[in-house]
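What follows is one structure encoded as structure tokens, with my remarks underneath.
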Amino acid sequence: MPSDDASLKIGVSKCLLGESVRHDGAHKRNTFVVDVLGPFVQWVPVCPEVEAGLGVPREPMHLEEGDDGIRIVTNSSGVDHTEKIKKFADRRVEELAQDKLSGFVLKSGSPSCGLQVQIQTSKGDGRPGKGLFAETLLERLPALPVVEEADLSDPASRQGFVERAFAYRRLMDYCEEERSVGQFAMFHAQGRLQVEAHSPEGYEGLTKFISGAKDLSWNELCNQYAPRFMDAISEPLDAPRHYQVMKDVASDLKDDLDSAAYKEIAFALQDYRKGNLPLSVPLTLIRHYVRLTESPRHNGQSYLEPGPKELALRVQV
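Set out below in structure tokens:
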């Protein structure tokens, strides 16, 4: 069970925690969700179908396209539960919007929770769509980091989600206390390496946005910055981007390092670029020398410490 002082509050489809709420009375316990991420998270479990009043077990359902939009109906009897699920989703998502969530892990393939679900059309074929609860969640909280549990099996995808969740929490916490645009620019600068690693164009765009935000209220500034920031760090990271960011940091540190220390970083970077070393080796060196030189330009950069060390977000890359 997560500790009471867990740093993140994350919504989750209840079945992924091992609760037997599936239509067949089973669960879909996810090892990464429960055992790896769990110690750092206060889970907010949701099962739209059960909490909307449907029992366990229950007839499985699917999404289908009708004249009045997307409906969620039972497979055999054709009972329509759309209004019941939608009413629950509107109410519950509004509650979640006030609950300081940092992300949400959804059950893949679910007609209520899935992000990629087949919708049956009147032509008898299918098209991709979203579950009714998932669609409501994304519409109400567009900047919130959201992932399907199936994507968590991929190391890069799960690291990306966790990184976004911690970044979102830092931003939301910062926005709780009203400050000046100048102070917000300092917060933006602390995320420079993280955003540039994902999207140099995204960082440039965010910088231009802040420079033109002098007439915005604090709430307007935060509300307009957040989706831009989250979009930028949602761009996938790869080895060339990591290499370029670390190379830039090493160049900045060069004048404060002796030649042996700088060569140590340079050789590690070259080996990483060639695929002979994991990311953690040059990144650990750079963290060390940033702390050693007390570099004001790089101390506190979220790229260097995107989350708790125990999660090893930069190891399996």
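With the working numbering applied, the sequence shown corresponds to residues 221 to 537, in that order. Quick reminder that beta carbons are idealized off the backbone N, C-alpha and C, glycines included. Computed from a predicted model, the values in this text were never measured in an experiment.
Judged by DSSP in its simplified three-state form, Pro516 adopts coil rather than helix or strand. As a beta-bridge residue in DSSP terms, Met281 pairs with Thr294. Burial check for Ser437: the Cβ neighbour count within 10 Å stays below 16, so the residue is exposed. The three-state secondary structure of Leu237, taken from DSSP, is helix.
Excluding sequence positions up to five before and after His418, its CB lies within less than 8 Å of the CB of Ala452, Ile453, Ser454, Glu455, Pro456, Leu457 and Arg461, all in the same chain and listed in chain order. Judged by DSSP secondary structure, Val270 falls within the alpha helix (DSSP H) whose first and last residues are Pro268 to Glu271. In the DSSP assignment, Ile339 forms a beta bridge with Leu283 and Arg347.
The straight-line gap separating the alpha-carbon atoms of Leu372 and Asp244 is approximately 24 Å. For Pro265, the three-state secondary structure derived from DSSP is strand. For Glu396, there is no enclosing alpha helix (DSSP H), as DSSP marks it with neither H nor E. Beta-bridge partners assigned by DSSP to Glu368: Leu326.
Residue pairing by DSSP places Lys229 opposite Gln262 in a beta bridge. Nearest in C-alpha terms to Val367, of all of Gln336, Gly349, Ala387 and Ser297, is Gln336.
Secondary structure of Asp255 (DSSP, three-state): helix.
With fewer than 16 other Cβ atoms from the protein chains shown falling within 10 Å of its own Cβ, Phe487 counts as exposed. Contact between Val401 and Ile430 is confirmed by a C-beta separation of about 7 Å, below the 8 Å threshold.
Nearest to Lys343 by C-alpha distance, out of Thr427, Phe308 and Glu284, is Glu284. In terms of Cα proximity to Pro348, the closest of Arg291, Val254, Ile339 and Ser233 is Ile339. Looking at the backbone, the Cα of Tyr445 and that of Leu426 are separated by about 7 Å. Counting the other CB atoms within 10 Å of its CB gives Glu269 a total of 16 or more, which places it among the buried residues.
Annotation for Tyr388: Ser322 and Pro365 place their beta carbon closer than 6 Å to its own, counting only its chain and skipping 5 residues before and after. Listed in chain order, the non-local C-beta contacts of Ser377 below 6 Å within the same chain comprise Asp371, local neighbours out to five positions each way being set aside. Take the alpha-carbon of Leu236 and the one of Asp345: they are about 30 Å apart.
When the Cα atoms are used, Pro447 and Asp310 turn out to be separated by approximately 21 Å.
Note on His508: under 16 other CB atoms within 10 angstroms of its CB, so exposed under the neighbour-count rule. Under the three-state reduction of DSSP output, Asp491 falls in the helix class. Nearest neighbour of Gln262 by Cα position, chosen from Asp491, Asp319, Gln379 and Glu355, turns out to be Asp319. Leaving aside the five residues that flank Cys333 on each side, the residues in its chain whose CB is nearer than 6 Å to its CB run, in chain order, Ser233, Leu326, Lys327, Gly351, Phe353 and Ala354.
Residue range Arg412 to His418 is occupied by the alpha helix (DSSP H) that includes Arg412. Cα atoms of Arg291 and Tyr463: separation of roughly 48 Å, rounded to the nearest angstrom. Inter-residue distance for Pro526 and Asp393 is about 15 Å (C-alpha atoms, whole angstroms). Judged by DSSP secondary structure, Asn439 falls within the alpha helix (DSSP H) whose first and last residues are Trp438 to Ile453.
The Cβ atoms of Lys474 and Tyr482 lie closer than 8 Å to each other.
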